[in-house]
Every structure is written in structure tokens, then in C-alpha cells.
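When we follow full-length UniProt numbering, the leftmost residue of the sequence shown carries the number 1, and every step to the right adds one.
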Amino acid sequence: MKNPRLSSSINLKSDRLLEASSLQLGAPILVILGNIPALKEQKRFITTNLNRLFKRELDAKGSEPDRARELMEAVDTFFNRHHALPKLHYDLHTAIRGSLYTRFVVEPYAETATDAEQWQWLAAADMQAVLHQHQHSWTFSHYSKHYHHAQAFTFELGRVAPFGENDMAALAPMLTLLSSLSAGYEPPKKTAETMAFFKVQHELMRQAEDFTLCFDDDVPNFSRFEPGTCLAKDGVAGDFIVEKTPLHVVFPNAHVDIGARAALLVVPSHAIT
1 MKNPRLSSSI NLKSDRLLEA SSLQLGAPIL VILGNIPALK EQKRFITTNL NRLFKRELDA
61 KGSEPDRARE LMEAVDTFFN RHHALPKLHY DLHTAIRGSL YTRFVVEPYA ETATDAEQWQ
121 WLAAADMQAV LHQHQHSWTF SHYSKHYHHA QAFTFELGRV APFGENDMAA LAPMLTLLSS
181 LSAGYEPPKK TAETMAFFKV QHELMRQAED FTLCFDDDVP NFSRFEPGTC LAKDGVAGDF
241 IVEKTPLHVV FPNAHVDIGA RAALLVVPSH AIT
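Laid out in C-alpha cells, this is it:
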């Protein structure tokens, strides 16, 4: 299995093995730490969210747009160097809030289909849920899928914690997946039916300065809201009321800029290949 592997990973033991030169590689691999100044300050970003900037037409100025351009160039160089091999991008994150599914992946939208074996690998890595994106989102994993036709996912691997304090025992199956791919071996497989699948039904956008979400700040990802529930009040768009189908809320944030996404509203789905 000589596949190029692009893995943006933080605080996993495989990184330490690479640093110690004790992990024998059997496939090309690019390991990236995304927003290094933010990592040092233990923040999500310094001035703007880096993981919304991965678009080749990007013309914004600043340290994070500059970093996005640097990372896009690195990805282009890596995949072009190994153009004859299958491409894979795992972008590894931790979440800023709790979740009813502690470990889940977001599948970015693109025309490239997801291989069925990817779901089996993710299930064996103890991923609990999958969220299918419904439109272009310009995240890092989306960049590789959209521009390079790679198999690509954004991982949420539990709750954010200071460096060295993550629950590594819970991530042992994920480490097995990464180690297998890095060594060029076929990873373990498990039936995809062990994971819950969701798809985005709506994007809740902030349109006004006068904007509030109508639930507690600590509501976990994938919380379900029944028809008739008011989810948001917006001075321009008005109230957002759940209609006939219950909705689950993912990545809610009332403090985004005007015009930005304040939450994903999702419904149960199935594996899309």
C-alpha cells in the first residue's frame, strides 16, 4: 500500500515516533501543524479562522491568510510529487465544546466519491459519527478533496485540552489507523453501520448585530431540537423555528462575524459513496 498520506496531526504518539525516527515509513507522508502561533497561545486562531481560507483565489492579507497560502502550496507540491498514487488527507482537530458523539468526522463536499473502505477504516478507528457537508466550505480537508480529488476528512477527536493532557487511551484505535497507513499496511476494518451518519440540512447564518442562539452555550454537538423550537433570533432574518423534521445542532457559535455561519443544522443520513 504505497499511498501518499497527508496528515495534519497534533499531539498524537505517531508524531513522537516520527521525531524519534522509530516509525518505519512505508508510504509518502506529509505531517503539518496548522496554525503555529495559535497553537503556542492555545487559541483557535489569532485574527481569523484559518480553516475557512483554503481557496486558491484567496486574496486576503494577514498572517493566517499567508499561512493558508503556504499550506496550499505545500499540499500541491506533495500531491504533485506523488501524482501517480492514491491521495488521502486526514485533518485532525479537537472540539471546543462537548459532543454526543465524542469522536466524529466531517466529510467535505466535493464531486469526488468517498471509497467504501474509508468508512470501514474510520469505524475500526472508533469514530462514532460522520457528517456529510452539503456545499463547498473551503476547509483544509476540502482543499485536498476539491482540488486534488483526494479522499479527505476533518476529524474531531474529543474535547480540546492543553498539550499532553488529551485522553490518549480513547484515541488508541485512531493511532492504529495512522500507524498502519504510515507504515504502508492495510488498516483494520469494521462495518460502517457502527457509526451514525448525518447530513447538513441548513446553515444557520448570522445576518445582524442583534443575534442570539436560543439554547445554552454549553449545548453539546448533535443535540436534537424538536419541531416548533426556536433556535435563533436575528434582527434581519427573524426567528429560526424548527419546522416538520427534528434538527441536530453542530458547531454552534453566536459570536461569529455578521454574514458567517453560526451553526450547522443536520439530520440523520447514511453512508454516501
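All residues carry an ideal CB built from backbone N, CA and C; glycine is no exception.
Helix, strand or coil at residue i according to DSSP, with G and I counted as helix
i: K233; result: strand
i: H255; result: coil
i: K40; result: helix
i: M213; result: Strictly speaking, residue 213 in this sequence is Leu, with Met absent from that position. Strand.
i: V242; result: coil
i: F198; result: strand
i: V160; result: coil
i: N51; result: helix
i: K136; result: First, the amino acid is wrong: residue 136 is His here, not Lys. DSSP places H136 in coil when its eight states are reduced to three.
i: S269; result: coil
i: R206; result: coil
i: L247; result: strand
i: L264; result: strand
i: T176; result: helix
i: R67; result: helix
i: residue 274; result: Residue 274 is absent from the model: the chain starts at 1 and stops at 273.
i: A169; result: helix
i: A152; result: strand
Neighbour-count burial assignment, residue i, 16 or more Cβ in a 10 Å radius
i: P252; result: buried
i: E209; result: exposed
i: L122; result: buried
i: R81; result: exposed
i: G164; result: exposed
i: R103; result: buried
i: I29; result: buried
i: K189; result: exposed
i: L187; result: For the record, residue 187 in the displayed sequence is Pro; it is not Leu. Result: buried.
i: residue 275; result: Past the edges of the chain, shown from 1 to 273, lies residue 275, and the structure says nothing about it.
i: A169; result: exposed
i: E156; result: buried
i: V236; result: exposed
i: Y90; result: buried
i: R56; result: exposed
Inter-residue CB distance, residue i and residue j (contact presumed, cutoff 8 angstroms)
i: P86; j: H142; result: In fact, because the Cβ distance is near 18 angstroms, the residues do not count as touching under 8 angstroms.
i: A183; j: L25; result: 7 angstroms
i: Q133; j: V106; result: 6 angstroms
i: A260; j: R206; result: 6 angstroms
**Message:** So, does the region 109-121 touch the region 241-261, judging by three or more C-beta pairs under 8 angstroms?
**Reply:** The region 109-121, when compared against the region 241-261, does not touch it at the 8 angstroms Cβ threshold.
**Prompt:** Along the chain, which unbroken stretches of the alpha helix (DSSP H) at least 4 residues long are found entirely within the region 71-134?
**Reply:** Restricting attention to alpha helix (DSSP H) runs no shorter than 4 residues, the region 71-134 encloses them at 116-124, ordered along the chain.
**Asked** Between the region 63-80 and the region 26-42, do at least 3 Cβ pairs fall closer than 8 angstroms?
**Response** Touching, per the Cβ criterion.
**Request:** Kindly confirm or deny that the region 259-271 and the region 196-211 touch, where touching means at least three C-beta pairs closer than 8 angstroms.
**Result:** Cβ pair count under 8 angstroms is three or more, so yes.
**Three CB pairs or more closer than 8 angstroms across the region 152-170 and the region 225-234** = Per the Cβ contact rule, the region 152-170 is not in contact with the region 225-234 (fewer than 3 Cβ pairs under 8 angstroms).
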